[in-house]
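These protein sequences, in sequence, are chains A and B. At position 149 of the first sequence the residue is numbered 161 (this note's numbering), and the sequence of numbers has no breaks. At position 57 of the second sequence the residue is numbered 486 (this note's numbering), and the sequence of numbers has no breaks. Glycine is no exception: its CB is placed at the ideal position from the N, C-alpha and C atoms. All figures in this text were calculated on a predicted structure; none of them were measured in a lab. Data first, discussion second: the structure below is written as structure tokens.
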Amino acid sequence: MPVTVAASAARTCLGDDAATFAALLRGECGVTDLRYFRAGALNVRRGYHIAGPRPERPGMAGRWLAGCVTEAVSRARLEPGCRVAAIIGTGLGGLRDVERWAADGQPTRPDQLHFAAAIRAAAPFARTAITISNACSAGGYALALGQDLVELGDADAVIVAGADSMTESMLAMIGRFDAEPTDRIRPFDSGRAGALLGEGAAAVVLVREGAAAAPALARLLGCGLSCDARYETAPDLAGVCRAMRDALDRAGRSPADVDLVLAHGTGTRLNDPTEAAALREIFAGQRPGPLVTAVKGAVGHTSGASALTSLTLGLHSLRSGMVPAIVGLSEPLAEGAGLRFVRGAPRRSRPRLMQVNAFGFGGVNAVAMLEAA
Amino acid sequence: MTDVAVTAWSLHVPGTCPAAVVPGLAGPGSEVEACSPDRAHELLGRKGLLNKDAATRLALCAVHSALGLRPGQGRAVGPPDPSVAVVASSNLGNVGAVTDVVAMVRDGRRKQISPLAAPGVSGNVLSSAVAIWFGFGGPALMICSGAASGLDAVTAGTRLVRAGRAARVVVVGAEPADEVAAALHGLREPVRDARPPLRQGSACVILEPAGQAPAAPLLTPVPGDPGESAGETAAMDLTAAVGDLYGALGVAQTAVAAAVVGARAGVDRVRLICRDAPDGWRAVDVTARVSGR
Numbered sequence: 013m014p015v016t017v018a019a020s021a022a023r024t025c026l027g028d029d030a031a032t033f034a035a036l037l038r039g040e041c042g043v044t045d046l047r048y049f050r051a052g053a054l055n056v057r058r059g060y061h062i063a064g065p066r067p068e069r070p071g072m073a074g075r076w077l078a079g080c081v082t083e084a085v086s087r088a089r090l091e092p093g094c095r096v097a098a099i100i101g102t103g104l105g106g107l108r109d110v111e112r113w114a115a116d117g118q119p120t121r122p123d124q125l126h127f128a129a130a131i132r133a134a135a136p137f138a139r140t141a142i143t144i145s146n147a148c149s150a151g152g153y154a155l156a157l158g159q160d161l162v163e164l165g166d167a168d169a170v171i172v173a174g175a176d177s178m179t180e181s182m183l184a185m186i187g188r189f190d191a192e193p194t195d196r197i198r199p200f201d202s203g204r205a206g207a208l209l210g211e212g213a214a215a216v217v218l219v220r221e222g223a224a225a226a227p228a229l230a231r232l233l234g235c236g237l238s239c240d241a242r243y244e245t246a247p248d249l250a251g252v253c254r255a256m257r258d259a260l261d262r263a264g265r266s267p268a269d270v271d272l273v274l275a276h277g278t279g280t281r282l283n284d285p286t287e288a289a290a291l292r293e294i295f296a297g298q299r300p301g302p303l304v305t306a307v308k309g310a311v312g313h314t315s316g317a318s319a320l321t322s323l324t325l326g327l328h329s330l331r332s333g334m335v336p337a338i339v340g341l342s343e344p345l346a347e348g349a350g351l352r353f354v355r356g357a358p359r360r361s362r363p364r365l366m367q368v369n370a371f372g373f374g375g376v377n378a379v380a381m382l383e384a385a
Numbered sequence: 430m431t432d433v434a435v436t437a438w439s440l441h442v443p444g445t446c447p448a449a450v451v452p453g454l455a456g457p458g459s460e461v462e463a464c465s466p467d468r469a470h471e472l473l474g475r476k477g478l479l480n481k482d483a484a485t486r487l488a489l490c491a492v493h494s495a496l497g498l499r500p501g502q503g504r505a506v507g508p509p510d511p512s513v514a515v516v517a518s519s520n521l522g523n524v525g526a527v528t529d530v531v532a533m534v535r536d537g538r539r540k541q542i543s544p545l546a547a548p549g550v551s552g553n554v555l556s557s558a559v560a561i562w563f564g565f566g567g568p569a570l571m572i573c574s575g576a577a578s579g580l581d582a583v584t585a586g587t588r589l590v591r592a593g594r595a596a597r598v599v600v601v602g603a604e605p606a607d608e609v610a611a612a613l614h615g616l617r618e619p620v621r622d623a624r625p626p627l628r629q630g631s632a633c634v635i636l637e638p639a640g641q642a643p644a645a646p647l648l649t650p651v652p653g654d655p656g657e658s659a660g661e662t663a664a665m666d667l668t669a670a671v672g673d674l675y676g677a678l679g680v681a682q683t684a685v686a687a688a689v690v691g692a693r694a695g696v697d698r699v700r701l702i703c704r705d706a707p708d709g710w711r712a713v714d715v716t717a718r719v720s721g722r
């Protein structure tokens, strides 16, 4: 049963998905000084924040998530009587609230670790809300599970969403790993100096044929999943390639069919060369090969929201025929030789088949293939 | 449609043994008391355990037993097997690690934080650790849906099999009961004015296409809405028996059901239910294919 994307929505430091896409075409970067946290104590000074309240409020990720879900659901115009499920991907869930509870005595409850309440608020008709915690590929994993749910006939429509705020503990690890944390993310740049966190949320509505009144934005052809099963934090080329091949197999497409890659591109020492090597391996022999772009230089690393944010912005490219340049990339890394990174100015193009990459801590990889409707 | 069967199970609740949890249970290991996380090396061997948190250790123990490995027996080494998937369930597995890191930041001891603590601040440390330990290269996912989490994991496992994403799915649930986890758990809404305390423990079930295992019981998720079964009374209440296994509960229920269906006269189908006001209602049926003797 073909699965289509009936609607999508995203929220980043640059605004909603339309505003973010417009800013990407202008080459804007949403990084600012780090809010909410004591930069000196963490050794991290910058971050990609959604414009919002100060001081920090509890449950922010859930609020952004509910906002995106409300928007996507209203755009999808689901048929009455649809069996709707929700799957939410997150890297850090409600851990920020646990941190504030333990360190500052701010009240919380264990059910605030996940997003059932946010889904109840935004889509009370959804029968179940499953929260999966899968690091930086959580949104991609949620997308794959959502596609399975529709294809297996277990649901007519699935709200697939992702959201993350920042945690002090994750920032502390960034500050610990990088002696001098970067001032911004430079995906695939030879001078890249690491990742910074971004606040963000995104939601898509997947449907079987006839379950939504809105015209399809794209067909979700297939999602590939793998776990490197090698290292706790470092990526592994074999595992990443396995997910890419799985996605192509499930989509029934060959590498030659891929026109555009929305890369994970975190700007870290290890991710970018591994991802570049995987793309070179998968697309070896393709001339000219797909365009490669990435959004984290503009919107930060939004962890569990990252895959669906890339997907939502990629859908804008499928529709508009404009592929934004990689914000923050000036000199591509050596390992990327031969890849068609979009640099400097947006590229006019009419991509048909788009690949969305997401890789996470623990070696969890998710790759999606979407085709213009 | 591919039916999915439970082909192996284990229950690992430190301080007790499977036969004490499920009276009358027999079979290998049923009378062996489960080791605590700090003694996990007795089952798993020492190598690689040093920086593993309690929930991860408990999960590794449960998977080790479900795979039929003997105490101390090394796991297979070689390239990761892409046909095996992991679905883990835990809500509080890393809250202790996260709050420890924050306490050090607040004390100005940032530089003393070990880089080896990095995996622990990510929510999915447990599922990835299981995949790495045993070399499972298929999908690895971690579910944190509160009280519903364990049955969500079992249901997700059946879908990975049905969708052809794995030939074998290792579903594992684990919760620690450290000070932070227990305090946070204590903030759950009470049920009838009471809330059994958090109990550390883990469980594992292995799922495969039913065609591969003609005698193994079938798993069938039950679609439905919260509140449908408000009046029902449970024939067996694991939480009353051992304490609240929380994210591990649904997996433990599945393990217990797999042990008793078809093995006891008159018990051919068991309905498992996890529910909680904020987290929702989930149900899974476990059905014998060999009738009760």
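Within its chain, find whatever has a CB closer than 8 Å to the CB of residue i; leave out the 5 residues flanking it on each side and keep chain order.
i                      : result
residue 541 of chain B : 533
residue 345 of chain A : 200, 201, 202, 204, 284, 285 and 288
residue 123 of chain A : 129
residue 573 of chain B : 518, 519, 520, 552 and 676
Can you find the residues in the same chain that come closer than 7 Å, C-beta to C-beta, to residue i, ignoring five residues on each side of it along the sequence?
i                      : result
residue 383 of chain A : 230, 231, 233, 364 and 365
residue 37 of chain A  : 334, 336 and 358
residue 26 of chain A  : 32, 35, 40, 42, 310 and 311
Rounding to the nearest angstrom, what Cα-Cα distance links residue i and residue j in this structure?
i                      : j                      : result
residue 562 of chain B : residue 358 of chain A : 44 Å
residue 616 of chain B : residue 500 of chain B : 37 Å
residue 187 of chain A : residue 550 of chain B : 13 Å
residue 198 of chain A : residue 206 of chain A : 8 Å
residue 69 of chain A  : residue 441 of chain B : 39 Å
residue 245 of chain A : residue 706 of chain B : 36 Å
residue 381 of chain A : residue 263 of chain A : 7 Å
residue 153 of chain A : residue 367 of chain A : 14 Å
residue 315 of chain A : residue 449 of chain B : 43 Å
residue 462 of chain B : residue 439 of chain B : 12 Å
residue 99 of chain A  : residue 236 of chain A : 17 Å
residue 53 of chain A  : residue 619 of chain B : 38 Å
residue 464 of chain B : residue 555 of chain B : 18 Å
Which residues in chain B have a C-beta closer than 9 Å to the C-beta of residue i? List them in chain order.
i                      : result
residue 305 of chain A : Residues of chain B passing the Cβ test: none, with the nearest at roughly 26 Å.
residue 376 of chain A : 553, 556, 557, 560, 568, 569, 570 and 571
Can you give me the start and stop residues for the beta strand (DSSP E) that residue i sits inside?
i                      : result
residue 16 of chain A  : 15–24
residue 571 of chain B : 569–572
residue 597 of chain B : 597–604
residue 274 of chain A : 272–274
residue 181 of chain A : No beta strand (DSSP E) holds residue 181 of chain A; the alpha helix (DSSP H) holding it covers 180–189.
residue 700 of chain B : 698–705
Please list, in chain order, the chain A residues whose beta carbon lies closer than 8 Å to that of residue i.
i                      : result
residue 666 of chain B : What residue 666 of chain B touches in chain A: nothing, since even the nearest Cβ is about 20 Å away.
residue 701 of chain B : Chain A residues near residue 701 of chain B: none, gap ~15 Å exceeds 8 Å.
residue 592 of chain B : 160, 163 and 164
residue 564 of chain B : 241
residue 708 of chain B : 123, 126 and 128
Over the uninterrupted alpha helix (DSSP H) stretch that includes residue i, give me the two end residues.
i                      : result
residue 321 of chain A : 318–332
residue 88 of chain A  : 72–88
residue 487 of chain B : 483–495
residue 253 of chain A : 249–263
residue 447 of chain B : 447–450
Using the three-state DSSP reduction, which class does residue i fall into: helix, strand or coil?
i                      : result
residue 148 of chain A : helix
residue 366 of chain A : strand
residue 377 of chain A : strand
residue 60 of chain A  : strand
residue 587 of chain B : helix
residue 342 of chain A : coil
residue 296 of chain A : coil
Show which residues of chain A have a CB atom less than 9 Å away from the CB atom of residue i.
i                      : result
residue 482 of chain B : By Cβ distance, chain A contributes nothing, its closest Cβ being about 12 Å from residue 482 of chain B, past 9 Å.
Flag residue i as yes when its Cβ comes closer than 7 Å to any non-hydrogen atom of the ligand ADP, and as no otherwise.
i                      : result
residue 576 of chain B : Although the ligand ADP was asked about, the structure shown includes no ligands whatsoever.
Which residues in the same chain have their Cβ closer than 6 Å to the Cβ of residue i, if we skip the five residues on either side of it in sequence?
i                      : result
residue 655 of chain B : Confidence at residue 655 of chain B is low in this model, with a pLDDT of 49, below 50, so the placement of that residue is unreliable and no value is reported for it.
residue 586 of chain B : 516, 598, 600 and 636
residue 211 of chain A : 61, 62 and 177
Give the interface partners of residue i over in chain B, defined as CB-CB distance under 8 Å, in chain order.
i                      : result
residue 242 of chain A : 509 and 561
Output, in chain order, the set of chain B residues within a Cβ distance shorter than 7 Å of residue i.
i                      : result
residue 153 of chain A : 570
residue 39 of chain A  : Within 7 Å Cβ-Cβ: nothing; residue 39 of chain A doesn't reach chain B, min ~31 Å.
residue 114 of chain A : 528, 531 and 609
residue 110 of chain A : 524, 527, 528 and 613
Closer than 7 Å by beta-carbon distance: list the chain A residues that pair up with residue i, in chain order.
i                      : result
residue 581 of chain B : 142
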